Amino acid sequence: MDFTFTEEQQAAAEAAKAVFSSAPPDGVPSPALTPGAVADDLDRRLWDKAADADLVGLLLDPRYGGAGLDPIALCLVLREAGRVLARVPLLESTAAALAVQRYGGEELRAAVLPAAGRGELVLTVAPHGRTGHDAAELAVQARQDGDGDGGAWVLEGTQTAVPWAHSADRVLVPAHTGAGRTLLALVPRDHPGVTLAPQISTSGERLAEIRLDAVRLDSAAVLTTDGAWEWLRDLLTCGTCALALGLGEAVLALTSSYTSKREQFGFPLATFQAVAVQAADRYIDLRAMEATLWQAAWRLATDGAGAPAAPGALPVAGDIAVAKIWAAEGVRRVVQTAQHLHGGFGAATDYPLHRYHAWAKQLELSLGPAAAHEEALGDLLAAHPLG
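Residue 265 in the numbering used here sits at position 265 of the sequence shown, with consecutive numbering throughout.
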């Protein structure tokens, strides 16, 4: 079997390295020293560079100006973004656009996708629900006015901790109909009835609580296909794992450099067995994070492609859960060990490690901590006994 990435996927990763190499991880004020958000907007300069390198429309069909690549390529790009804590909504905007391409009508695709692929239209997703613990689709209720499928939809509810909401042009909001159906509504940020209240993330980024008060949308802006939200959430979770992997690799490299140069009793810290063993354990964590990520991304890329599933195999959600368990636990252990091995220097606000630690905690808990995915995996194993 050949586990190497395709030439197109490798080219996307190289382009991402070139774009994100110019982004310093401490390019904004420290969240430890800033009472509010570290910045009011996304990194527009970096976003424009990513768009110019065709990274924003990476997964879109060529007829919409994209490259037609798969979630594996997206995860390779996000891995590079995670290394430098890139302040761009690459995951959210790409995922929302791909959901529109996959489940939206031609009218919506034509109106949204070309501009989104060029980075001119910024999209985001509201994935956390009302409290961050309940299912996101239960936070907003949708009802349809008029008869038949052509009637407008009216949305009522609140979504919390929406990333990049203040900078995005449209927000893809999951909602429920009250009859067991889940849909996705593409809501303009400045639409009548939409109110944004500022929130601050652990990493110091600006989030928003979005309140929808009788927000009326044309049916063309609503994706009603069964399974659309579950698919989108899986893609967001997989991308979050890729960001965590890139962050963890950068932190381990930072730790390796520090312990190789810092001396104690006349010898570099890296030569002490206790230090080397801890670093080796974190390297093993990262390799497990990597292996489970590519398994999940591959399953997501091939799911629904027509290939028969292996007998007794879990649904793709099982691989997503395993990847998120490793990403959440692994990235936490990597940054904690890094802080320990750096000593007091790791807490210095003019050194980037504390910022990596804040981002790691945000990614660990984003879209559910390890315990939540362990519970989901247990449910899947109970429902699909492996033969």
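The beta carbon of each residue, even a glycine, is placed where N, CA and C say it ideally should be.
Quick caveat: nothing in here was measured; it's all calculated off a predicted structure.
Membership of T337 in the alpha helix (DSSP H) is indicated by the continuous run 316-342. With fewer than three CB-CB distances shorter than 8 Å, the region 197-215 does not count as touching the region 288-302. For A23, the three-state secondary structure derived from DSSP is coil.
Short of 6 Å from the beta carbon of S260, and not among the five residues preceding or following it, lie these beta carbons of its own chain, in chain order: P268, A270.
Taking a C-beta distance under 7 Å as the contact criterion, A321 and A376 qualify as a contact pair.
For the 7 Å CB-CB criterion, A39 and I200 do not form a contact. When beta bridges are read from the DSSP output, W153 appears opposite Q144, L217.
Exclusion of the five residues before and after G65 leaves G57, P114, G117 as the residues of its chain whose Cβ lies within less than 6 Å of its Cβ. Annotated three-state conformation of E209 is strand, per DSSP.
When rounded, the separation of the alpha-carbon atoms in H176 and T4 is 41 Å. Between the region 128-147 and the region 164-175 there are three or more inter-stretch CB-CB distances shorter than 8 Å, so the stretches are counted as touching. Cβ atoms of A250 and A221 stay farther apart than 8 Å, at about 38 Å. In terms of Cα proximity to P352, the closest of L365, T158, A338 is A338. Between R333 and D303, the CB-CB gap reaches or exceeds 7 Å. The distance from the Cβ of P31 to that of R355 is about 7 Å, consistent with a contact at the 8 Å cut-off. Counting C-beta atoms within 10 angstroms of its own C-beta, T224 has 16 or more neighbours from the protein chains shown and is therefore classed as buried. For the 7 Å CB-CB criterion, A99 and L236 do not form a contact. Within its own chain, the residues whose Cβ lies closer than 7 Å to the Cβ of P127, once the five positions on either side in sequence are excluded, are A136, R233, L236, L367, listed in chain order. Around the beta carbon of D319, 16 or more other beta carbons sit within 10 angstroms, so the residue counts as buried. The alpha carbon of A372 has as its nearest neighbour, out of P385, H340, A358, E329, the alpha carbon of E329. For P174, the secondary structure class from DSSP, reduced to helix, strand or coil, is strand.
By the neighbour-count criterion, in which a residue is buried when 16 or more other Cβ atoms sit within 10 angstroms of its Cβ, A327 is buried. If you look at T237, you'll find it in the alpha helix (DSSP H) that goes 228-261. A check of alpha carbon separations from V187 across S203, R181, Q159, G204 identifies Q159 as the nearest. Taken through DSSP and simplified to helix, strand or coil, A168 comes out as coil. For P198, the enclosing beta strand (DSSP E) starts and ends at 194-200. The three-state reading of DSSP puts F267 in strand, counting E and B together. The Cβ-Cβ distance between A280 and D218 does not fall below 7 Å. Contact between the region 13-22 and the region 71-82 is established, with three or more Cβ pairs separated by less than 8 Å. Judged by DSSP in its simplified three-state form, A179 adopts coil rather than helix or strand.
Under DSSP, Q159 takes part in a beta bridge, and its partners are I210. Within a 10 Å sphere around the beta-carbon of H342 sit 16 or more other beta-carbons, which makes this residue buried.
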